[in-house]
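S.K.:
Numbering (my numbering), first residue to last: 1226 to 1379.
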């Protein structure tokens, strides 16, 4: 059911080809990070053994439960997401799925933050997923001190 919901959202947003276009192609303004306060803990401690769970891991009912990763980006300005911020979030979501990093789980914006959540793909480690997300964020020029990555193993 979750995959159907994600597919419908992708269909509504447009093709991945559109998401690969530069931000300037559609919007005049860029995401605003220059006046956002840096976050205290930019990344989850991926050297902590608790975050190195390989997916899937059995839950209490014996079902497969894969770790989820939540990428939180601090917004600048008045803390409300602009069209450019939303475009960036869609591009990050598409990159995470298209590169096989994870399966989209949810996203949103509010209270000065924009977030993307995804489930780590079966057989991958959280460490490799976080490293891939860091590379994607660098590719889209998101400053590291504006990002917090949370890892949930259940």
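Don't be surprised by glycine CBs; every beta carbon is placed ideally from N, CA and C.
(1) Taking only the alpha-carbon atoms, compute the straight-line gap between residue 1376 and residue 1342 and give it to the nearest angstrom.
(2) Can you give the Cα-Cα distance for residue 1369 and residue 1355, rounded to whole angstroms?
(3) So for residue 1303, helix, strand or coil by DSSP?
(4) Residue 1334: which of 1364, 1365, 1296, 1320 sits nearest, CA to CA?
(5) In angstroms, rounded to a whole number, what distance separates the CA positions of residue 1303 and residue 1317?
M.R.: Let's see:
(1) 10 Å
(2) 13 Å
(3) coil
(4) 1296
(5) 22 Å
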